[in-house]
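As numbered in mature numbering (1 follows the signal peptide of the UniProt record, and there is no 0), residues -19 to -1, 1 to 598 make up the sequence shown, in order.
Let me begin by presenting the structure, written as structure tokens, before commenting on it.
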Amino acid sequence: MIKSLFTLLTVFGFAFATAQNKTDYWQQHVDYTMDVNMDVDTFQYTGTQKLVYTNNSPDELNRVYFHLYFNAFQPGSEMDIRLQTIPDPDSRMITEEKVSRISTLTDSEMGYLHATSLTQDGKQLNYSEEGTVLVVNLATPIAPGKQTTFNMEFKGQVPLQIRRSGRNSEENIALSMSQWYPKLAEYDFEGWHADPYIAREFHGVWGDYDVKLTLDKNYTVGGTGYLQNADEIGHGYESPGTKIKKQKGKTLTWHFKAPMVHDFMWAADPEYIHDVQQVPNGPTLHFLYKDDPKLLENWKKLQPKTVEAMEFFSKNIGEYPYDQYSVIQGGDGGMEYAMSTLITGDRKFGSLVGVMAHELAHSWFQHILATNEAKHEWMDEGFTSFISKLCMGEIMDLDKENPFEGTYKGYRNLALSGKEQPQSTYADRYALNFAYGISAYSKGSIFLSQLGYIIGQDKLMETIRKYYTDFKFKHPVPNDFKRVAEKISNMELDWYLTDWTQTTNTIDYSIKNVADKEKSTQITLERIGLMPMPLDILVVYEDNTKETFYAPLRMMRGEKDNPYSGIERTVLEDWPWAYPTYTFAIEKPMSSIKAIVIDPSQLMADVDLENNVWQAE
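Shown next, in the form of structure tokens:
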């Protein structure tokens, strides 16, 4: 009964609008100039880094922090110990005997990243390594509005263990170089974010990158940024018709520039195929994947689908602001980076398109909006999951009845397991990887799809577009999104943000009683769960006619438009959330009613659907 009604009534007719207003935030700024030499035989590299840091904050800074991510891949690191102590460790990082792979790495297999010298405006600095964080005491404080220049020499070793980055992956990709360089930590209105690298994702300072990579000339490189010497390098980057001169020596130096990004990734392999696709009126797409006969067909078919996905996201979120994007085989699953992604490539076609669409969508939510994923991971993973499911429905012509059905099922499993923690939990502090994953991806996605239920699907999509317009390149926090939604919907939504993200309160409404009352029918609803919601109630009559009743939540201070065009709707009195029951009357006898359903769209994350339906006997 529920499924058939859902099929009949679910409406995904999203409308799109362009926002106008700008909101000002101060942001720190950093410019990197790096020159790196990679030995592809030992997987060791050395580099120099000139870093110009602008303190746009109102605070004087007496020290700074750098991330040294590769130090996580050493026996005894925090990442290693967490693998050994969490009840459900990441299966990619443990052996069949449930032993941490990091714990068994030898000196030549482990990762490391060390600063070997560091100066500030020519003055030597005192610094100390604390695991994956470099603590630097400044020679001269950085006053508000002032710049300083750091010059660093560093050395690193690429770990054998693949976790996003690493060497010699299961698909035999030589170098997946993410989180590979000393990266300045972010300082914002909350202070420093010098988080250790234990399991989760990242937060970074926007800036301009100028990077030179020198390595074996037989390796093809792809990743973040624009190649400056393409007609010297070749490898598929050269202008059409250009004849590449034969290179002397054993190495090539690749020169990339990347404006206004907060990360820089590259990957390299001697067997990469490099294909190029142009998005109409959009960026150039680069595809780098292994020259393996079993991959070729799917990777060729992936390319026009990536064009479609880029166009979908640019239309439905906002214009992609860069001139290139690279889809690269590498890493250990799928992970987003500035202007690029690393994905494993030996997949069925649908899975390959799905991981591409998800990681590409991250370009908007993580690499342009860029919430702090250590604190608000659900805003990136959840929002990305939401929009990528809609994208897959369109570009793969999937069943669009309810693209979020599996998402809601996953959330209910967590909510009813007794193991849920609030979404406001710091990402590394989840007791279980299972709980983190569902909270970030599924519950984060439902935050949007359920918001569409509350304010209307057209208002939801308008909110997403205005949120992007107002907060791109500004590290928004949850309240920023809520305020945009409030302005678009003309509703008060603090209750929603608070209950959904800061508590584990659940939604559970039931049809408690249906009774004859003279020539009318009296319906009593009950709120069982602690989290309140507005309610859509569908009534189906014996003659198969339908109407809906809408009980707004009083503290919303507003109402959504009728989501079911062509079906008459009655707006009832507001339901004050503290009242556990709510009664209204239908001016028809009970004998005329076939069924009553709470939320026929099933976009409300009610944890018990069985009590949402009443059927005549």
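Note that CB positions come from ideal geometry on N, CA and C, so glycine has one too.
- Note on geometry: alpha-carbon atoms of Ala211 and Ile225 lie some 9 angstroms from one another.
- Contact check between the segment 80 to 98 and the segment 200 to 209: fewer than three CB pairs, one atom from each, fall below 8 angstroms, which does not count as touching.
- Shown here, Trp7 sits in coil according to DSSP, grouped into three states, outside any helix or strand.
- CA-to-CA, the gap between Gly57 and Thr27 works out to about 24 angstroms.
- By the neighbour-count definition (other C-beta atoms within 10 Å, threshold 16), Phe170 is an exposed residue.
- In the DSSP annotation of this structure, the continuous segment of the beta strand (DSSP E) that includes Met133 starts and ends at Gln128 to Gln138.
- Distance check between Ile427 and each of Gly103, Ile368, Trp161 and Gln105 places Ile368 closest, using alpha-carbon atoms only.
- By the neighbour-count criterion, in which 16 or more other beta carbons inside 10 Å mark a residue as buried, Asp451 falls on the buried side.
- Close CB contacts of Gly363 within its chain, under the 8 angstroms cut and outside five residues either way in sequence, are with Ala421, Tyr422, Ser423, Lys424, Gly425, Ser426, Ile427, Phe428 and Leu429 (chain order).
- For Thr121, the enclosing beta strand (DSSP E) covers residues Val114 to Ile123.
- In the DSSP annotation of this structure, Gly188 is not part of any alpha helix (DSSP H); the continuous beta strand (DSSP E) holding it starts and ends at Gly188 to Asp197.
- The alpha helix (DSSP H) runs of length 4 or more contained entirely in the segment 385 to 409 are, from start to end of the chain, 386 to 396.
- Spanning the alpha carbons of Val458 and Leu478 requires a straight line of approximately 12 angstroms.
- Inter-segment contact for the segment 388 to 395 and the segment 435 to 450 is absent: fewer than three beta-carbon pairs are separated by less than 8 angstroms.
- In the displayed model, Gln209 falls within coil according to three-state DSSP, outside both helix and strand.
- Ala466: not part of any beta strand (DSSP E); member of the alpha helix (DSSP H) spanning Pro459 to Ser470, first to last residue.
- An exposed status is given to Val257, since fewer than 16 other beta-carbon atoms sit within 10 Å of its beta-carbon.
- Between Glu340 and Glu182, the gap from beta carbon to beta carbon reaches 8 angstroms or more.
- Residue pairing from DSSP places Arg148 in a beta bridge opposite Leu156.
- Spatial neighbours of Asn353 in its own chain (CB-CB distance under 6 angstroms, excluding positions within 5 residues in sequence) are listed in chain order as His184.
- CA-CA distance, Pro515 to Met291, rounds to 35 angstroms.
- Non-local C-beta neighbours of Ser295 in its own chain, meaning closer than 8 angstroms and more than five positions away in sequence, comprise Gly263 and Tyr301, ordered along the chain.
- Counting along the chain, no beta strand (DSSP E) covers Ile376; the unbroken alpha helix (DSSP H) around it starts and ends at Glu354 to Ile376.
- Minimum Cα-Cα distance from Tyr93 among the listed residues Ala175, Arg73, Leu64 and Phe135 corresponds to Phe135.
- Its Cα nearest to that of Val192, the residue Trp161 stands out among Tyr168, Trp161 and Tyr200.
- For the set Asp40, Ala248, Phe330 and Thr325, the Cα lying nearest the Cα of Lys281 is the one of Phe330.
- In chain order, Glu41, Leu42 and Asn43 place their CB closer than 7 angstroms to the CB of Pro122, counting only its own chain and leaving out the 5 sequence neighbours on each side.
- Residue state for Glu289 is assigned as helix, using DSSP reduced to three classes.
- Scanning the segment 511 to 570 from its first residue to its last, the whole beta strand (DSSP E) runs of 3-plus residues come out as 516 to 522, 527 to 532, 550 to 552 and 562 to 567.
- Where Asp497 is concerned, the enclosing beta strand (DSSP E) starts and stops at Tyr490 to Lys498.
- The Cβ-Cβ distance between Gly217 and His255 falls below 8 angstroms.
- For Asn107, the enclosing beta strand (DSSP E) covers residues Asn107 to Glu111.
- Per the C-alpha coordinates, the member of Arg145, Gly299 and Tyr306 positioned closest to Lys453 is Gly299.
- Going by C-alpha positions, Gln402 is about 16 angstroms away from Gly510.
- Comparing alpha carbon positions, the residue from Leu519, Val186, Thr201 and Tyr318 closest to Ile154 is Thr201.
- Annotation for Gly147: Val139, Pro140, Leu141 and Ser157 place their beta carbon closer than 7 angstroms to its own, counting only its chain and skipping 5 residues before and after.
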